[in-house]
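**Q** As given, the protein sequences belong to chains A and B, one line each in that order.
Heads up: the first sequence at position 493 corresponds to 493 in our numbering, and the numbers run straight through without jumps.
Basically our numbering = 1-based index in the second sequence + 1000.
Each residue gets a CB set at the ideal place from its N, CA and C atoms; glycine is no exception.
Before anything else, here's the structure in question.
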Amino acid sequence: MLLFLFGAESRAAEPRRVLMLHAFNYAFPSTTLIADGARRRLLERSPQPLEIDADFLDLARNTDAEYQSRIAMFLRAKYEKRPPDMVITLGSLALPFILRYRDDIAPKAPVVFTSVSPQNYSALRLPADVTGIISEFDLDKTLALAERLQPEASRLFVIAGSGEVDRRWQSAARKTIEDRKRKFEVTYLFERSYANLVEEVSKLPRDSIVLLLTVFADSEGNAFVPAHVAGSLSAVSSAPLYAPYDTYIGNGIVGGFVETFESVGVRAADMALQILAGKDPATIAPQTNPGQAYRVDHRAMVRWKLQASKLPTDTAVLFKEPTIWTEYRGPVNAAILIVALQSLIVGALLVQRQRRLRAENLLKESEERMTFAAAAANIGLWQFDRHRNELWATEHSRAMFGIARDAPLTRDAFLSAVHPDDLQTATQSLRRSLATEQPAIGDVRIVLPGEEVRWVRMRARSRSESGGRLDHLGGIFIDITEQKSAEAEVALQRLEVEHLMRVSVLGELSGSIAHEINQPLTAILSNAQAALHLLAQESPDVVEIRDALEEIVHEDNRAGEVIHRLRGLLKKGERKAEYVNINDLVRSTVSLLNSELIGRDINVRLDLESGESLARGDSVQLQQVLLNLVMNAMDAMASTPMAQRFILISTREAQTGMVDVLVKDRGHGIRPKENGHVFEPFYTTKDHGLGLGLTLCSTIIQAHQGRLTLVNDEGGGAIAVFSLPIQQPAIGNA
Amino acid sequence: MTEKFTVYLVDDDPGVLKALSRLLRAKGHDVKPYSSPQVFLEEHDVAVPGCVVLDVSMPGLDGLEIQRVLTAASGYHRPVVFVTGKGDIPTSVRAMKAGAIDFLTKPVKDKDLFEAVSRAEARDAESRRLHSELESMQAKVSNLTPREREVLTHVVAGRLNKQIAGDLGTVEKTIKVHRSRMMEKLGIRMVADLVRMAEKLNLSK
């Protein structure tokens, strides 16, 4: 019991040895296929470890008896130490060999045979521990297949070689064909040389049937692999070939009723496994043709234009895509799915790539467009990372700042182009935009290499990259040189117009102004002449002469003042900012108009605020406004009865911080149709007016942060009022 | 007639007023300066010999206006010399037609002013003399009896004594007596003088 257990243990631990004994060499497809099928099955199903050996007896090429004993000696020596537990023979010739030499090579090892024809099996009288697969090659059914596919064929060619197996086929074939009902014109191509076979086959009539058996050797003693011969003959044949061998299918023949060698291998392996598991081989009966079936090569069918509809219903059609489809539906589906998925992914990637490319192109185009548009608009774009001190700017910015093509674009490169006087403006506006998220604007001058100066407006806006500190500045540079010069031009033109208006007003007043100068001149002349007369007297009155001279000085000053005032009004110049005493302004304006007022029989009354208010601005321009308003008042009273002609000019501090100047007349007032138009440029009610007086006055007052209004007085006439902010000079500055 | 010739000076410009006064005084004239036309008109005395030097353009009343007011008030042509800053032709024509001595443009040359003033003085003296002559004659005429005034009228009309007697319903001799008494009272010996006097006094009617 213990011993048995031990023995069982030791047997289980040691691998069982199986010897695959090939009748031919490794090049024979039929035996190789059987061996492969058997080996796979054994390894797959065996519950215990197996050691599988293989030996090739090569009996087709070596036919002498001595060779067999030599190989047996070799094998005995080879397996003396490790005798096989089981022998599987492959090829019919391997079975007689092992039966003869079994005691030497594998004593007592059961034998499972394959590829043994029924004739051989019955002739061998096998021992009980030998079983296996009997292969009956059904020539009759193969021939039937040929007949079905080629019903018109009348000639039959049968090919077999000159080897041992070949000769066995020769007799079998003759018998089968003679037994058949249908009679063909039969040509037996037996015992021919290989070259002769090739030649014969290549010139067969198209409607013949060729039955290929085996060619292990030709009439000249050359050994062949029958499956290879099938391939060669198929290639040159002018008629379809049929054969009872599975291995020929795929080598060019149409097909036949065949045993699949793999299935033979599998069956043999199953038998071997049962025996290895302990079953008595005597109880296992040999099996015949476990996997026989009609099999055809689709490609050959197509080559010979044979109709698939004529095939028996259970025919396996090989080498046809649908067949693969049918056989491998799952994997094919999976493969297709994978391929489809991959295609989809590839497609998606392509589409994505396409999109990305397009997006990149669009982005590039967009950027190009933007850059182009920006350059066309004379705008430079820039960004600055303060943290990294990195600056990006468009090429146009470089041109705007006159930075050389090869010079690096840095913050300092830009700042060094800025006019020294504007450097502070530039840095301040950048700092301001960093302090807040509000955009900052700074206008600076850029000095280009050719000393040309251009104005550039910098717009900057900061943002934080990650919600933290404001480190990123971005913005634009705009060339505003034209704008600046246009502004200057406009300012200049406005000054010009103001000046022209003053000149035209003074032109209107020229007579009166001449009178204003004539008066002191008259006084001067008379005083001088009086002095001369006094001197001519015997005892000149010195006191009187001095009085006269003093008067001359005084009157001369008076004339000088008029001229000074006149010159101020006639002068073209920039707007000045000075302290202007509003009451003085009224007085000097009225004195300038004195003669005119007298000439027009107009009474003027001044009602001036006691506290001499000061406003800041240009006295000439303010006088121009007042002059204009008084002139308008005078013009408005042209048709007023003389006795009623009256102008009241008053100054007052009606509201804190503002001084009002009122000019009130007793003229026709503002007529309803004029209402709302009086400040419009070129609107005039006068015959010779330009219509710019009030427009200009309003502009000037607005430039002084003031306001000019014109209303009708309830008691008749109009009141013009302008208000100016009072500016008290700092102490010691007055 | 004993009062000295006075130059009334009216100009609203104090500087000019002072200077012209000084010039005229240096020449020896008595000058009364006025800067306001209204005050001048109030204080002006026709009886005082003199002339007016007037500025044409002044606030309130201009020179031409003053000239008109002066004449209308006294019936006496006070000589006026105009001075003006803007000597426009229409104004000067109007002034001259109204009897102005001269129309001077500022600045006034002393020679022109003096010449104008002396002409005004002469004119004033002349008109003043005429004026006193007429006054004395008027006084003599007023001493005549109504009969003598009647005879005067007829004699001036060129009637003979006989015709006058017929007209008045009396005799020639009576008319002769009235006539000689009338001539005696008036201090006139020749009829021609009588006629001239009657013309001056507008007695022909």
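(1) Counting C-beta neighbours from all protein chains within 10 Å, is the total for G450/A 16 or more, i.e. buried, or is it exposed?
(2) Take every Cβ of the segment 1113 to 1127 of chain B, pair it with every Cβ of the segment 1043 to 1054 of chain B, and state whether three or more of those distances are shorter than 8 Å.
(3) Note down the Cα distance separating P281/A from D314/A, rounded to an integer number of angstroms.
(4) Name the two residues that bound the continuous beta strand (DSSP E) containing E51/A.
(5) Are there three or more Cβ pairs, one per stretch, closer than 8 Å when the segment 703 to 711 of chain A is compared with the segment 637 to 649 of chain A?
(6) 8 Å is my cut-off, CB to CB: does G732/A come that close to chain B?
(7) Closer than 8 Å between beta carbons: that is the criterion. Which residues of the segment 659 to 678 of chain A meet it against chain B?
(8) So, under 8 Å CB-CB, L696/A and M458/A are touching, yes? Tell me the CB distance rounded to an integer number of Å.
(9) Rounded to a whole number of angstroms, what is the C-alpha to C-alpha distance between V769/A and N361/A?
(10) Please classify L363/A: is it buried, with 16 or more other beta-carbons within 10 angstroms of its beta-carbon, or exposed?
(11) Quick one: does H751/A have its CB under 8 Å from some CB of chain B?
(12) So, is the C-beta of Q728/A closer than 8 Å to a C-beta in chain B?
(13) Determine the direct distance from the alpha carbon of T1084/B to that of V663/A, and round the result to whole angstroms.
(14) When DSSP builds the beta bridges, which residues end up paired with V112/A?
(15) 8 Å is my cut-off, CB to CB: does V1108/B come that close to chain A?
(16) Helix, strand or coil, according to DSSP, for V1108/B in the structure here?
(17) Which residues does DSSP list as the beta-bridge partners of K664/A?
(18) Quick one: complete alpha helix (DSSP H) runs, 4+ long, within the segment 565 to 597 of chain A?
(19) With a threshold of 16 other CB atoms inside 10 Å of the CB of G617/A, please say whether the residue is buried or exposed.
(20) Go through its chain and collect everything with a Cβ distance to F56/A's Cβ below 6 Å, but skip five positions before and after it.
(21) Determine the direct distance from the alpha carbon of I159/A to that of D140/A, and round the result to whole angstroms.
(22) Can you list the residues of chain A that D1013/B reaches, using a CB-CB cut of under 9 Å?
(23) Express the C-alpha separation of A293/A and A316/A in angstroms, rounding to a whole number.
(24) Would you mind stating whether I552/A and I517/A have Cβ atoms separated by less than 8 Å?
(25) Classify L708/A as helix, strand or coil using the three-state DSSP reduction.
(26) Given a cut-off of 8 Å, decide if A633/A and A1026/B are closer than it, judged by their beta-carbon atoms.
(27) Does S1036/B get closer than 8 Å to chain C when you measure Cβ to Cβ?
(28) Against chain A, with Cβ distances strictly below 8 Å, would G1085/B count as a contact?
(29) Determine whether the Cβ of R1022/B lies closer than 8 Å to any Cβ atom of chain A.
(30) Using 10 angstroms around the beta-carbon of R295/A, count the other beta-carbons present and answer buried if the total reaches 16, otherwise exposed.
(31) Check whether the Cβ of H533/A lies closer than 8 Å to any Cβ atom in chain B.
(32) Would you call R1094/B buried or exposed, if buried means 16 or more other Cβ atoms sit within 10 Å of its Cβ?
(33) Assuming S237/A and V186/A make a contact with CB atoms under 8 Å, what is their CB distance in whole Å?
(34) To the nearest angstrom, how far is the alpha carbon of V590/A from that of I446/A?
(35) Counting only the same chain and skipping the five closest in sequence on each side, list residues whose C-beta sits under 7 Å from that of Q68/A.
(36) Return the chain-ordered list of same chain residues with a C-beta closer than 8 Å to the C-beta of A528/A, the five sequence neighbours on each side being excluded.
**A** Quick answer:
(1) As a first step, residue 450/A must be located in the first sequence, where it is residue number 450. Its Cβ having fewer than 16 others within 10 Å, G450/A is exposed.
(2) The segment 1043 to 1054 of chain B and the segment 1113 to 1127 of chain B touch, with three or more beta-carbon pairs separated by less than 8 Å.
(3) For the purposes of this step, residue 281/A is identified with residue 281 of the first sequence, where counting begins at 1. For the purposes of this step, residue 314/A is identified with residue 314 of the first sequence, where counting begins at 1. Going from the Cα of P281/A to the Cα of D314/A covers about 34 Å.
(4) Translated into the one-based positions of the first sequence, residue 51/A becomes position 51. Unbroken beta strand (DSSP E) run through E51/A: 50 to 56.
(5) Between the segment 703 to 711 of chain A and the segment 637 to 649 of chain A, the count of Cβ pairs shorter than 8 Å is below three; the stretches do not touch.
(6) Looking up residue 732/A in the first sequence gives position 732. Residue placement at G732/A is poorly supported in this model, since its pLDDT is 46, which falls under 50; the coordinates still yield a value, given next. Among the CB atoms of chain B, none fall inside 8 Å of the CB of G732/A.
(7) Within the segment 659 to 678 of chain A, no residue has a Cβ that lies closer than 8 Å to any Cβ of chain B.
(8) In the first sequence, counting from the first residue as 1, residue 696/A sits at position 696. In the first sequence, counting from the first residue as 1, residue 458/A sits at position 458. Not a contact, Cβ separation roughly 35 Å.
(9) Chain A is shown only over 1 to 734; residue 769/A falls outside these bounds and no answer can be derived.
(10) Position 363 of the first sequence holds residue 363/A. L363/A should be labelled exposed.
(11) Since the first and last residues shown for chain A are 1 and 734, residue 751/A lies out of range.
(12) For the purposes of this step, residue 728/A is taken as residue 728 along the first sequence, with counting starting at 1. No, no contact with chain B.
(13) Locating residue 663/A in the first sequence gives position 663, counting from the first residue. Locating residue 1084/B in the second sequence gives position 84, counting from the first residue. Computed Cα separation, rounded: 30 Å.
(14) Along the first sequence, one-based indexing puts residue 112/A at 112. DSSP lists I88/A, T131/A as partners of V112/A.
(15) One-based indexing of the second sequence puts residue 1108/B at position 108. Yes, V1108/B lies at the interface with chain A (some Cβ there is under 8 Å from its Cβ).
(16) To locate residue 1108/B, count along the second sequence from 1; it is residue 108. Residue state, collapsed to three classes: coil.
(17) Mapped onto the first sequence, residue 664/A falls at position 664. Answer by DSSP bridge pairing, in chain order: L648/A, I719/A.
(18) Counting whole runs of 4 or more residues, the segment 565 to 597 of chain A contains no alpha helix (DSSP H) stretch at all.
(19) Indexing the first sequence from 1 puts residue 617/A at position 617. Burial call: buried.
(20) Position 56 of the first sequence, counted from the start, is the residue given in the question as residue 56/A. These residues qualify, in order along the chain: H22, N25, Y26.
(21) Here residue 140/A corresponds to residue number 140 of the first sequence, with the count starting at 1. Here residue 159/A corresponds to residue number 159 of the first sequence, with the count starting at 1. Each residue's Cα considered, the two are about 15 Å apart.
(22) For the purposes of this step, residue 1013/B is taken as the residue at position 13 of the second sequence. Chain A residues near D1013/B: Q519, P520, T522, A523.
(23) As a working mapping, residue 316/A is identified with position 316 in the first sequence. As a working mapping, residue 293/A is identified with position 293 in the first sequence. Going from the Cα of A316/A to the Cα of A293/A covers about 8 Å.
(24) If you number the first sequence from 1, residue 552/A lands on position 552. If you number the first sequence from 1, residue 517/A lands on position 517. The Cβ atoms of I552/A and I517/A lie no closer than 8 Å to each other.
(25) As a first step, residue 708/A is located in the first sequence; it is residue number 708 there, counting from the start. Three-state result, L708/A: strand.
(26) Position 26 of the second sequence, counted from the first residue, corresponds to residue 1026/B. Position 633 of the first sequence, counted from the first residue, corresponds to residue 633/A. The beta carbons of A1026/B and A633/A sit no closer together than 8 Å.
(27) Of the chains in the structure shown, none is chain C; the protein chains are A and B.
(28) Locating residue 1085/B in the second sequence gives position 85, counting from the first residue. G1085/B counts as touching chain A.
(29) Along the second sequence, read from residue 1 onward, the residue named residue 1022/B stands at position 22. Yes, R1022/B lies at the interface with chain A (some Cβ there is under 8 Å from its Cβ).
(30) For the purposes of this step, residue 295/A is identified with residue 295 of the first sequence, where counting begins at 1. When all chains shown are included, R295/A counts as buried.
(31) In the first sequence, counting from the first residue as 1, residue 533/A sits at position 533. Output row for H533/A: interface = yes.
(32) For the purposes of this step, residue 1094/B is taken as the residue at position 94 of the second sequence. Result: exposed.
(33) Locating residue 237/A in the first sequence gives position 237, where the first residue counts as 1. Locating residue 186/A in the first sequence gives position 186, where the first residue counts as 1. The Cβ separation is near 17 Å, so there is no contact.
(34) Counted from its first residue, the first sequence places residue 590/A at position 590. Counted from its first residue, the first sequence places residue 446/A at position 446. Whole-angstrom Cα-Cα distance: 49 Å.
(35) The count along the first sequence starts at 1 and reaches residue 68/A at position 68. Only residues of its own chain outside the window of five on either side were considered, and among them F97 have a CB closer than 7 Å to the CB of Q68/A, listed in chain order.
(36) Here the question's residue 528/A lines up with position 528 in the first sequence. Contacts found: A548, I552.
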